[in-house]
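Shown next, in structure tokens, is the structure this report addresses.
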Amino acid sequence: MDILFEDFVLDMARRELTFRGSEVVLEPQVFDLLAYLVRERERVVDKDELVRQIWKGRTVCDSTIESRLSVLRKALHDDGRSQRLIRTYARKGVRFIGQVKGGTSPGGAISQIFPLDGVVIDSPAAPKPGPRPSVAVIPFDNLSGDPVQDHLADGIAADLIGLLTRCRTLFVLARNASFGLKRASPKMAATALQVDYLVDGTIHCAQGRLRISFQLVDTRHGYAVLADHYDRDMGDIFSVQDDIAEKIAGRIEPEIGHFTRRHLVRHPPRSLEAWDHFHLGMSHLYRATPGDNREAQAWLRRAVELDPQFSLAYAFLSYAVVLSMIYFDAPPVPQQLEEALNTALRAVELDDQDASVRFALGRVLTVTKRYEDAIDEMALATTLNPALAIAWCGLADSYVYMGDFERADPLFQHALDLSPHDPMRWAFLSYRAQAKLFARDFARAHAYASQAVRAPNCHYWPFVHRLAALGHIGAGEEVAGAREQLLERKPDFNCGWTRERLFYVLDADQLDIYVDGLRRAGVPDTV
Numbered sequence: 151m152d153i154l155f156e157d158f159v160l161d162m163a164r165r166e167l168t169f170r171g172s173e174v175v176l177e178p179q180v181f182d183l184l185a186y187l188v189r190e191r192e193r194v195v196d197k198d199e200l201v202r203q204i205w206k207g208r209t210v211c212d213s214t215i216e217s218r219l220s221v222l223r224k225a226l227h228d229d230g231r232s233q234r235l236i237r238t239y240a241r242k243g244v245r246f247i248g249q250v251k252g253g254t255s256p257g258g259a260i261s262q263i264f265p266l267d268g269v270v271i272d273s274p275a276a277p278k279p280g281p282r283p284s285v286a287v288i289p290f291d292n293l294s295g296d297p298v299q300d301h302l303a304d305g306i307a308a309d310l311i312g313l314l315t316r317c318r319t320l321f322v323l324a325r326n327a328s329f330g331l332k333r334a335s336p337k338m339a340a341t342a343l344q345v346d347y348l349v350d351g352t353i354h355c356a357q358g359r360l361r362i363s364f365q366l367v368d369t370r371h372g373y374a375v376l377a378d379h380y381d382r383d384m385g386d387i388f389s390v391q392d393d394i395a396e397k398i399a400g401r402i403e404p405e406i407g408h409f410t411r412r413h414l415v416r417h418p419p420r421s422l423e424a425w426d427h428f429h430l431g432m433s434h435l436y437r438a439t440p441g442d443n444r445e446a447q448a449w450l451r452r453a454v455e456l457d458p459q460f461s462l463a464y465a466f467l468s469y470a471v472v473l474s475m476i477y478f479d480a481p482p483v484p485q486q487l488e489e490a491l492n493t494a495l496r497a498v499e500l501d502d503q504d505a506s507v508r509f510a511l512g513r514v515l516t517v518t519k520r521y522e523d524a525i526d527e528m529a530l531a532t533t534l535n536p537a538l539a540i541a542w543c544g545l546a547d548s549y550v551y552m553g554d555f556e557r558a559d560p561l562f563q564h565a566l567d568l569s570p571h572d573p574m575r576w577a578f579l580s581y582r583a584q585a586k587l588f589a590r591d592f593a594r595a596h597a598y599a600s601q602a603v604r605a606p607n608c609h610y611w612p613f614v615h616r617l618a619a620l621g622h623i624g625a626g627e628e629v630a631g632a633r634e635q636l637l638e639r640k641p642d643f644n645c646g647w648t649r650e651r652l653f654y655v656l657d658a659d660q661l662d663i664y665v666d667g668l669r670r671a672g673v674p675d676t677v
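Under this note's numbering, the first residue of the sequence shown is numbered 151, with each subsequent residue one higher.
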């Protein structure tokens, strides 16, 4: 028999809780907690009993119990202050005090069922403009207690992004846009990203077994519309991801037929070890230091050795090689460029419909001075995934080297608007500042470079752009301070180094403008 209290119905047989006819999504442990408290509602239940009954005697701290009670209260629209349904008795325990009766489920309108962080939303937010529902996947939480497994949690979320992107009826924010909010709560992420739907979850890995839990939150109304968990062997991780992606796509857009959704299922890497190496490489790639770039290349090379069909591993290996020549200390020699190009072409050969693959090829074509071809690839990447901010930035950058500054500038702005929390935001601003230098708009170059140097994880290049702009502007005291800040980060910096690292700039005038600004700012030609 169903158990009714207020507008809730607790179906013990189906393990479901509904509120006015709509399902309230509860984690299994939270459901067990509610069911036990309702069953024992005639008395106060102490924490030791809860540990025995809900946690099966495992060692848990008081904060764990309190957090589960807090989640349950939020789901019941209760809180620790009003204690309308669950009352805490100091030093004794807790008791369910709602008025309970048996019966059938009452009818009623669909209402809010899973508030984000307990926030009650008075009215639905306006839907995001555009014909397609927008969705963001934020990094999953690693509950394993082992920081080494962080890349596994990130990898699962990143793979979900890639899978959902294949569904053309959805607007999916790219990895960099949502991963910039790695430590944010779902409520904060939903507010910052301004999407219709948000996916978050947790992973726990132990002794070769994996549990993945996730929820899909409707951010406009503030409730979860889908939640589930999987307990599988590690080798089943790819089928789990495919299943999650299809469920999400089906819930977000009911008009998507099975024929469309089945294209979400991709051919996963043949080796779980290759997948693991790939995401370890990606975790290093985005840290943007010389050592991390070398680590990233090593992991990615191992990934393609383990699985020669792994297109994304080839794509980001080529991109890592390109970055090593522009940002770091790898010599920009023909052999390096050829390796990067061949690796990117192999990625496209394996999967020509992946936006990130097309982006990687576009960046290689840019640094080999094939700007028109690069523009074609970047434009295709933005078509395949309109939310891939880094591709819009790459498209703008390619136009810059062709001297088409008017077309480039709004594309830079679009990249920044798409991904305001992107960990590579400093790079977007840096490339835009460089573009303004080439266009002789030194004031704006200085403004964008100044924004870039304040961004987290900023590389030394924005400091170079800022100093070059100040050299042209002629701000004496500010020049000295900016030069000192640059040399703190790159003590051996000189104009010759600049020309060597900007090897991909074909227009001699653009290079001369840039180097002239540095000379005026007191940067020597050689060390």
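Note that CB positions come from ideal geometry on N, CA and C, so glycine has one too.
Where residue 203 sits in the DSSP three-state scheme
In the sequence shown, residue 203 corresponds to position 53, counting from 1. DSSP places residue 203 in helix when its eight states are reduced to three.
Of the listed residues 474, 364, 423, 671, nearest to residue 444 (C-alpha basis)
In the sequence shown, counting from the first residue as 1, residue 444 sits at position 294. It is 474 whose Cα lies nearest to the Cα of residue 444.
Which residues in the same chain have their Cβ closer than 7 Å to the Cβ of residue 156, if we skip the five residues on either side of it in sequence?
For the purposes of this step, residue 156 is taken as residue 6 along the sequence shown, with counting starting at 1. Counting only Cβ-Cβ distances below 7 Å, and skipping sequence neighbours, we find 248.
Does the pairing of the segment 341 to 352 with the segment 284 to 304 give three or more beta-carbon distances under 8 Å?
At 8 Å Cβ cutoff, the stretches touch.
Mapping DSSP to helix, strand and coil, what is residue 434?
For the purposes of this step, residue 434 is identified with residue 284 of the sequence shown, where counting begins at 1. Helix at residue 434.
Residue 404 in three-state terms, based on DSSP
As a first step, residue 404 must be located in the sequence shown, where it is residue number 254. At residue 404, the pLDDT of 44 sits below 50, so the modelled position is not reliable; the number obtained from the coordinates is stated separately. Residue 404 falls in the coil class under three-state DSSP.
Comparing C-alpha positions only, which one of 165, 170, 175 sits nearest to residue 186?
If you number the sequence shown from 1, residue 186 lands on position 36. Considering only alpha carbons, the answer is 165.
Cβ separation of residue 673 and residue 643, assumed to be a contact under 8 Å, to the nearest whole Å:
Here residue 673 is taken as the residue at index 523 of the sequence shown, counted from 1. Here residue 643 is taken as the residue at index 493 of the sequence shown, counted from 1. That belief holds up - the Cβ atoms of residue 673 and residue 643 are roughly 7 Å apart, short of 8 Å.
Which whole-angstrom value describes the C-beta separation of residue 555 and residue 578, a residue pair presumed to lie in contact below a C-beta threshold of 8 Å?
Counted from its first residue, the sequence shown places residue 555 at position 405. Counted from its first residue, the sequence shown places residue 578 at position 428. Contact flag wrong, Cβ pair sits at about 16 Å.
Same chain, Cβ closer than 7 Å to residue 537, five either side skipped, listed in chain order
To locate residue 537, count along the sequence shown from 1; it is residue 387. Taken in chain order, the residues that qualify are 321, 322, 323, 324, 327, 568.
Examine the Cβ distances between the segment 628 to 642 and the segment 599 to 614 and report whether three or more of them are shorter than 8 Å.
yes
Can you tell me whether residue 211 is buried or exposed, with buried defined as 16 or more other CB within 10 angstroms of its CB?
As a working note, residue 211 is residue 61 in the sequence shown. Under this definition residue 211 is an exposed residue.
The beta strand (DSSP E) that contains residue 246, what's its start and end?
Taking the first residue of the sequence shown as 1, we reach residue 246 at position 96. Per DSSP, residue 246 belongs to the beta strand (DSSP E) from 243 to 246.
Would you identify the three-state DSSP class for residue 592, choosing helix, strand or coil?
As a working note, residue 592 is residue 442 in the sequence shown. Note: residue 592 maps to helix in three-state DSSP.
Just verifying my parser: in three-state terms, what is the DSSP assignment at residue 151?
Start at 1 with the first residue of the sequence shown, and residue 151 comes out as number 1. Reliability of the predicted coordinates at residue 151 is poor, the pLDDT of 49 falling under 50, and the value obtained from them is presented with this limitation in mind. Here DSSP, grouped into helix, strand and coil, assigns residue 151 to coil.
Same chain, Cβ closer than 6 Å to residue 194, neighbours up to 5 away in sequence not counted:
Taking the first residue of the sequence shown as position 1, residue 194 is located at position 44. Only 239, 242, 243, 245 meet the Cβ criterion.
In terms of residues, what are the limits of the alpha helix (DSSP H) holding residue 499?
Residue numbering aside, residue 499 sits at position 349 when the sequence shown is read from its first letter. Note, residue 499: alpha helix (DSSP H), 484 to 500.
For the putative contact between residue 618 and residue 587, defined by C-beta atoms under 8 Å, what is the C-beta separation to the nearest angstrom?
Position 468 of the sequence shown, counted from the start, is the residue given in the question as residue 618. Position 437 of the sequence shown, counted from the start, is the residue given in the question as residue 587. With 8 Å as the limit, residue 618 and residue 587 qualify as a contact, their Cβ atoms being about 6 Å apart.
In the DSSP output, which residue or residues are listed as bridge partners for residue 166?
Position 16 of the sequence shown holds residue 166. The partner list for residue 166 (beta bridge, DSSP) reads 161.
Identify every run of the beta strand (DSSP E) within the segment 281 to 310, keeping only runs that are complete inside it and at least 3 residues long; order them along the chain.
284 to 287
Where DSSP assigns a beta bridge to residue 251, which residues make up the other side?
In the sequence shown, residue 251 corresponds to position 101, counting from 1. Residue 251 is bridged to 154.
Helix, strand or coil: how does DSSP classify residue 439 here?
Working through the sequence shown from its first residue, we reach residue 439 at position 289. Residue 439: coil per DSSP, three-state reduction.
Which partner residues of residue 387 appear in the DSSP bridge assignment?
For the purposes of this step, residue 387 is taken as the residue at position 237 of the sequence shown. In the DSSP output, where bridge partners are listed per residue, residue 387 has none listed.
Whose CA, out of 301, 367, 370, 629, lies closest to the CA of residue 355?
Your numbering for residue 355 matches position 205 in the sequence shown. Of the listed residues, the one whose Cα sits closest to residue 355 is 301.
Please classify residue 365 as buried or exposed, where buried requires at least 16 neighbouring CB atoms within 10 angstroms.
Translated into positions along the sequence shown, residue 365 becomes position 215. Residue 365 is buried by the Cβ-count criterion.
Go ahead and pull the three-state DSSP assignment for residue 661.
As a position in the sequence shown, residue 661 is number 511, starting the count at 1. Note: residue 661 maps to helix in three-state DSSP.
Measuring CB atoms only, is the segment 476 to 483 touching the segment 497 to 507, in the sense that at least three cross pairs come out at less than 8 Å?
no
Residue 585 and residue 599 closer than 8 Å at C-beta:
For this step, residue 585 is matched to residue 435 along the sequence shown. For this step, residue 599 is matched to residue 449 along the sequence shown. Their beta carbons are not under 8 Å apart, which means residue 585 does not touch residue 599 by this criterion.
So if DSSP puts residue 238 in a beta bridge, which residue, or which two residues, is it bridged to?
Along the sequence shown, read from residue 1 onward, the residue named residue 238 stands at position 88. Per DSSP, 244.
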